[in-house]
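J.: With mature numbering (1 follows the signal peptide of the UniProt record, and there is no 0) applied, the sequence shown covers -19 to -1, 1 to 539.
Virtual Cβ for every residue (Gly too), placed ideally from N, Cα, C.
All of these numbers come straight from a predicted model, not from anything done at the bench.
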Amino acid sequence: RERALLWCVLVAAWEAAWGQLRYSVPEEMPKGSFVGDVAKDLGLELPALRHRGVRVLDTGRMQYFFLDLQNGHLSTKERVDREEICAAVAKCALNFEILIKNPLKLYRGEVEILDINDNSPTFPVRVSVLEISEYTAPGTRFPLEKAQDPDIGTNSLQNYECSESTYFSLDVKNGDDGVTYPELILVKSLDREEQATHHLILIATDSGSPVKSGSTTIQIIVLDGNDNAPEFTQPVYRATVREDVVVGSRVLQVTATDRDEGPNAEVKYSFFKIPEKFEKTFKLDPESGEIEITEKLNFEEQGVYELDVQARDAGGLSSHSKVLIKVSDVNNHVPEIVIMSVFSPVPEDTPLGTVIAIFSVQDRDSGANGEVRCSIAEGLPFRLEKSFDNYYSVVTAEELDREEVPEYNVTVRAADGGSPALWSSAVLALRVLDVNDNAPVFAEARYSARPSYDAFLPENNPPGSLLCTVSALDLDDGDNSRLVYSIESGQVQGAPTSSFVHINPENGNLYAQRTFDFELLQVLPVSVAVRDSGSPPLHANVTVYIFVLDQNDHAPTI
């Protein structure tokens, strides 16, 4: 029954249909919130959802959605935090796949997680201290601590504002990494004797609805003495390193000079208000200005690092420069093969182009290192077809014959475009299901019945005598090869053939139904048929000739 059902499904309506469902939902929605009406969008009746094997495929990642088979709605399985899932990515989308059986269809869906303004801009510290010499020339710029806002778009950090001051003004710029950062500009010469400290309030705002903001206090201490601040040899230092560079390797060296003499010319280097995770990745030697790597790099997590460095003399004067470190990708991730579905056993009369397996591949590298090519061994009756993105189908390319090859182990190989290329493989075990495509075949086209101990069948034999045994062979399997023997309808001397002989339907033994009389019958032709138990059954025929020989059972008469 299971084989017959599978045969009907595969032969009658086996196809792979790929579709795209797109929905959007705000982040932080409660568990069970409505996302989309899948049943309506796919044109499915609600009762069909429960009878067609509809399910959301699990590809090994965390599942944020589930499909309610009662109403056909796709709903949230967990509360979704866009910042936790996608961080600063502009478009945050979660993918899901829906598999429908009978007939086979695979739909891919995408749910875009919309940002809401649920985070305020924040500064790392509530109070930051800035020491400036009273001899600092107007127009000198001082980078300030950047605020952080994990939201995106208009909900993210948009602008900075500063409290009014006669000595300072605020300038807001965009860095090479697209981040907005504030700089304090000295517009009037300082006089420590007149005012030793200044206090400013720096406010960071977003453009969400409602607008959210965060603030920090800037305490400016005016230093006395020291005429010249250190000067860097370059405004921006640039370097490119491979992501597999050894920890402890030197990246570059920054250099600053101070025209003063003595202690005021002694320059110390340090990072200036960089993210904490950057401080764990790089180390700056305060004496030499050399930057070295202290933690393994990962291109997929961080491709560019922008570091602010400070050169400060013993008198308290300082200057700043930027260091841009670009990480180049290395082919260090093996392609991953995820088997979605395998349909086995496969009937041997499966039409060409039938889908027998679906799988996906992914490689976390970038560029050519992340481009994956899939293949299967040559000489197999299958081929690969790419569905969309990184999804592939294994389909039949030639007719299958169980009697020749009853099962296949199909090895799928995925290789990336790196140099040298990395690859992985997976084996699909496929069993070929028998169908009744071979008729029974008799061992001999003609049988002559003779007793086993001499060359003739004497007349006057007792009823029930074994006449001969016919034998046939069927190459099919199971019920398709189970044979049943029978005598074809016919007449001999006006009587049905079955009144002369009968046959055992299981083993083909042919027996006499009556006593033969040579004077009445010399040769009895019997047509024997054999049928298998397939659906529909196949059959073959053979003629058995029974030769009746004379016995001396009559005395002469005058």
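Mark N136 as exposed unless 16 or more other C-beta atoms lie within 10 angstroms of its C-beta, in which case mark it buried.
T.: Per the 10 Å Cβ criterion, buried.
J.: Quick one: residues in its chain with C-beta nearer than 7 Å to the C-beta of S144, no 5 flanking neighbours on either side, listed in chain order?
T.: Within the same chain, S144 has close Cβ partners L181, I182.
J.: Could you name each continuous beta strand (DSSP E) segment of 3 residues or more that falls completely within the region 32 to 110, going from the start of the chain to the end?
T.: Counting only runs of 3 or more, we get 46 to 49, 54 to 57, 74 to 81, 86 to 95.
J.: Where do the N-terminal and C-terminal ends of the beta strand (DSSP E) with D289 fall, by residue?
T.: Counting along the chain, the beta strand (DSSP E) containing D289 begins and ends at 285 to 294.
J.: Which runs of the beta strand (DSSP E) spanning at least 3 residues fall entirely within the region 132 to 166, listed in chain order?
T.: Runs of the beta strand (DSSP E) inside the region 132 to 166: 138 to 143, 149 to 155.
J.: Taking only the alpha-carbon atoms, compute the straight-line gap between L530 and D498 and give it to the nearest angstrom.
T.: Approximately 9 Å between the Cα atoms of the pair.
J.: By Cβ distance below 6 Å, which residues in the same chain neighbour E366 in space, the five residues on each side in sequence not counted?
T.: Only S374, V376 meet the Cβ criterion.
J.: Can you tell me whether S480 is helix, strand or coil according to DSSP?
T.: Here S480 sits in helix by DSSP.
J.: Name the residue from R219, V311, L333 whose alpha carbon lies nearest to the alpha carbon of L305.
T.: Comparing Cα positions, the closest option is R219.
J.: Check the C-beta distance from S302 over to Q215 and give it rounded, since I have them as a contact under 8 Å.
T.: 7 Å between Cβ atoms; contact.
J.: Throw me the rounded Cβ distance for the V203 and E126 pair, which I believe falls under 8 Å.
T.: Actually they are not in contact, since the Cβ atoms of V203 and E126 sit about 20 Å apart, beyond 8 Å.
J.: Mark P163 as exposed unless 16 or more other C-beta atoms lie within 10 angstroms of its C-beta, in which case mark it buried.
T.: That one is buried.
J.: CA-CA distance, A338 and E329?
T.: Taking the straight line joining both Cα atoms gives about 16 Å.
J.: Kindly identify the DSSP beta-bridge partner or partners of R364.
T.: BP columns for R364 point to V376.
J.: Which word fits R383, buried or exposed, when buried means at least 16 other C-beta atoms lie within 10 angstroms of its C-beta?
T.: So R383 ends up on the buried side.
J.: Around the C-beta of L27, are 16 or more other C-beta atoms found within 10 angstroms, so that it is buried, or is it exposed?
T.: By the 10 Å Cβ count, L27 comes out exposed.
J.: Considering only DSSP beta bridges, list what F123 is partnered with.
T.: Per DSSP, L165.
J.: Around the C-beta of D157, are 16 or more other C-beta atoms found within 10 angstroms, so that it is buried, or is it exposed?
T.: Exposed, because fewer than 16 other Cβ atoms sit within 10 Å of the Cβ of D157.
J.: Suppose you measure from the CA of C355 to the CA of A395; what does that come to, to the nearest Å?
T.: Going from the Cα of C355 to the Cα of A395 covers about 4 Å.
J.: Can you give me the Cβ contacts of P477 inside the same chain, cut-off strictly under 8 Å, excluding the 5 residues immediately before and after it?
T.: S470, G471.
J.: Tell me which residues share the same chain as D187 and place their Cβ nearer than 8 Å to its Cβ, disregarding the 5 neighbours each side in the sequence.
T.: These residues qualify, in order along the chain: N98, S101, P102, D130, D132, T135, N136, S137, L138, Q139, K193, S194.
J.: In three-state DSSP terms, what is P244?
T.: Three-state DSSP puts P244 in a helix.
J.: So residue 543 is in the beta strand (DSSP E); what residue range does that whole segment cover?
T.: As shown, the chain starts at -19 and ends at 539. That puts residue 543 outside it, with no answer to give.
J.: Look at S446 and A493 and say whether their C-beta atoms are less than 8 Å apart.
T.: Yes, they are a contact pair.
J.: Is it true that the region 315 to 325 meets the region 233 to 252, where meeting means three or more beta-carbon pairs spaced less than 8 Å apart?
T.: Segments in contact, no.
J.: Within the same chain, show all residues whose beta-carbon is closer than 8 Å to that of K72, passing over the 5 residues directly before and after it, in chain order.
T.: Hits under 8 Å: E93.
J.: Could you check where the alpha helix (DSSP H) with E260 kicks off and where it finishes?
T.: E260 -> alpha helix (DSSP H) spans 257 to 262.
J.: Roughly how many angstroms lie between the CA atoms of V391 and V160, to the nearest whole one?
T.: Distance between the alpha carbons of V391 and V160: 50 Å.
J.: Could you check what DSSP says for P439 in three-state terms: helix, strand or coil?
T.: Residue state, collapsed to three classes: strand.
J.: Looking at C-alpha atoms only, which residue of A68, A128, T331, K82 is the closest neighbour of L25?
T.: If we check each option's Cα against that of L25, K82 comes out closest.
J.: Find out if the Cβ-Cβ distance for the pair L381, P421 is shorter than 8 Å.
T.: It is not a contact, given that the beta carbons lie outside the stated cut-off.
J.: Out of D534, D49, S479, which has the shortest C-alpha to C-alpha gap to V509?
T.: Here the closest residue by C-alpha is S479.
J.: Which of the three DSSP states is assigned to Q1 in this structure?
T.: Correct three-state label for Q1: strand.
J.: Put A195 into one of helix, strand or coil per three-state DSSP.
T.: What sits at residue 195 in the sequence shown is Gly, not Ala. The answer is strand: DSSP assigns G195 an E or B state.
J.: Taking contact to mean 3 or more Cβ pairs, one atom from each stretch, closer than 8 Å, check whether the region 224 to 231 and the region 253 to 260 are in contact.
T.: Flag = no, the region 224 to 231 and the region 253 to 260 do not touch.
J.: Under three-state DSSP, which class holds F190?
T.: The sequence shown places Ser at residue 190, not Phe. It is coil, neither helix nor strand.
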